[in-house]
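**Q** Quick one: structure below, then a few questions.
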Amino acid sequence: MFTGVAFFFPDFAWLTEILGTPQLARAIHPFTGIIMFAAFIFLGYLYWDHNIPEKNDIRWLKGMLEVLKGNEHAVAYNGKYNLGQKMLFWTLNLAMVTLLVTGIIMWRQYFSHYFSIPVLRFAILLHSLSAFMLFTGILVHMYMAFWVKGSIRGIVEGWVTVRWAKKHHPKWYRDEVLPELEKDLQNEAEGKHVKTKALFKGING
Numbered sequence: 002m003f004t005g006v007a008f009f010f011p012d013f014a015w016l017t018e019i020l021g022t023p024q025l026a027r028a029i030h031p032f033t034g035i036i037m038f039a040a041f042i043f044l045g046y047l048y049w050d051h052n053i054p055e056k057n058d059i060r061w062l063k064g065m066l067e068v069l070k071g072n073e074h075a076v077a078y079n080g081k082y083n084l085g086q087k088m089l090f091w092t093l094n095l096a097m098v099t100l101l102v103t104g105i106i107m108w109r110q111y112f113s114h115y116f117s118i119p120v121l122r123f124a125i126l127l128h129s130l131s132a133f134m135l136f137t138g139i140l141v142h143m144y145m146a147f148w149v150k151g152s153i154r155g156i157v158e159g160w161v162t163v164r165w166a167k168k169h170h171p172k173w174y175r176d177e178v179l180p181e182l183e184k185d186l187q188n189e190a191e192g193k194h195v196k197t198k199a200l201f202k203g204i205n206g
């Protein structure tokens, strides 16, 4: 991604030095793109079921103003992910698929000679737009992680507190977190070993 930014914006040409030289960066860029695509597909496989839009998501959209004010909990009934996160998930995956297809068409060493000049130009345009969409989406994701207090912990450490889950994702809390906690309490009462899932540890947080 960084090499792509360097190719598109001359002011960021120094980014190509991450891989050694501009020539090496240009040669490696398609291969790193394939690796990045594979990583996105793997993550998509892991999380797609939680990112299917639901009827409740419309409440998040209607209450967008309150969401931006930091009052998401007052207007939405979110599952594990809110509608904004779901939209970002599908947008990034669509961008990655488009980047792969157009990147293959543009790959001069192996495939570009099979396509006409108009097709190549259109592929370059789509590739650039998709890269912009991907980069913007990642920036939005990073910004919102800082905007919503407690989100950074979930991203960096892989868990959130029970209080945070109940406030920001009440449907997820009711359907998945609470039953797991009740199960842990029952096991503890019976003297069994308790190992709370990391995704929602910190009951007093």
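Numbering (the working numbering), first residue to last: 2 to 206. For each residue, glycine too, the CB sits at the ideal point set by N, CA and C. Please read these numbers as outputs of a predicted model, since none were measured by experiment.
Counting only the same chain and skipping the five closest in sequence on each side, list residues whose C-beta sits under 7 Å from that of T99.
**A** The residue labelled residue 99 in the question sits at position 98 within the sequence shown. Here the set comprises L127 and S131.
**Q** Around the C-beta of V178, are 16 or more other C-beta atoms found within 10 angstroms, so that it is buried, or is it exposed?
**A** In the sequence shown, the residue the question calls residue 178 occupies position 177. Buried, by the Cβ-count rule.
**Q** Taking the CB atoms as reference points, tell me whether N94 and W61 lie closer together than 7 Å.
**A** Position 93 of the sequence shown, counted from the first residue, corresponds to residue 94. Position 60 of the sequence shown, counted from the first residue, corresponds to residue 61. Contact flag unset, no.
**Q** Let me know the secondary structure DSSP gives K124 once reduced to three states.
**A** Along the sequence shown, read from residue 1 onward, the residue named residue 124 stands at position 123. In the sequence on display, residue 124 carries Ala and not Lys. The answer is helix: DSSP assigns A124 an H, G or I state.
**Q** Is A199 helix, strand or coil by DSSP?
**A** Position 198 of the sequence shown, counting from 1, holds the residue named residue 199. A caution first: A199 carries a pLDDT of 43, below 50, which makes its placement in the model too unreliable to give a value.
**Q** Could you tell me the boundaries of the alpha helix (DSSP H) in which A75 lies?
**A** Indexing the sequence shown from 1 puts residue 75 at position 74. Bounds of the alpha helix (DSSP H) holding A75 are E73 to V76.
**Q** What distance in whole Å lies between the Cβ atoms of M107 and F38, which are believed to be in contact at a cut-off of 8 Å?
**A** For the purposes of this step, residue 38 is taken as residue 37 along the sequence shown, with counting starting at 1. For the purposes of this step, residue 107 is taken as residue 106 along the sequence shown, with counting starting at 1. With a Cβ gap of about 14 Å, F38 and M107 do not count as contacting.
**Q** Fully enclosed by the segment 88-174, which alpha helix (DSSP H) runs are 4 residues long or longer?
**A** 118-148, 152-157 and 163-169
**Q** So does the segment 66-78 actually touch the segment 166-180, counting three or more Cβ pairs closer than 8 Å?
**A** yes
**Q** Hey, how far is the Cα of E191 from the Cα of K184?
**A** To locate residue 191, count along the sequence shown from 1; it is residue 190. To locate residue 184, count along the sequence shown from 1; it is residue 183. If I take the Cα positions, the gap works out to 11 Å.
**Q** Do you know how far the Cα of V161 is from the Cα of G155?
**A** The residue you call residue 155 lines up with position 154 of the sequence shown. The residue you call residue 161 lines up with position 160 of the sequence shown. In a straight line, the C-alpha of G155 is about 5 Å away from that of V161.
**Q** From the DSSP output, in three-state form, read off K63 for me.
**A** Walking along the sequence shown from the start, residue 63 turns up at place 62. Reduced to three states, the DSSP call for K63 is helix.
**Q** Looking only at C-alpha atoms, which of E67, G151, I42 and I19 sits nearest to L101?
**A** The residue labelled residue 101 in the question sits at position 100 within the sequence shown. Of E67, G151, I42 and I19, the residue nearest in Cα terms is I42.
**Q** By the 10 Å Cβ neighbour count, where 16 or more other Cβ atoms means buried, how is E73 classified, buried or exposed?
**A** Numbered from its first residue, the sequence shown carries residue 73 at position 72. Counting Cβ neighbours within 10 Å, E73 comes out buried, since at least 16 surround it.
**Q** With DSSP as the reference, label G34 as helix, strand or coil.
**A** On the sequence shown, position 33 is the one that residue 34 refers to. Here G34 sits in helix by DSSP.
**Q** Please classify R90 as buried or exposed, where buried requires at least 16 neighbouring CB atoms within 10 angstroms.
**A** Translated into positions along the sequence shown, residue 90 becomes position 89. First, the amino acid is wrong: residue 90 is Phe here, not Arg. Buried: at least 16 other Cβ atoms inside 10 Å.
**Q** List the endpoints of the continuous alpha helix (DSSP H) containing K184.
**A** As a first step, residue 184 is located in the sequence shown; it is residue number 183 there, counting from the start. Looking at the DSSP string, the run of the alpha helix (DSSP H) that includes K184 is L179 to A190.
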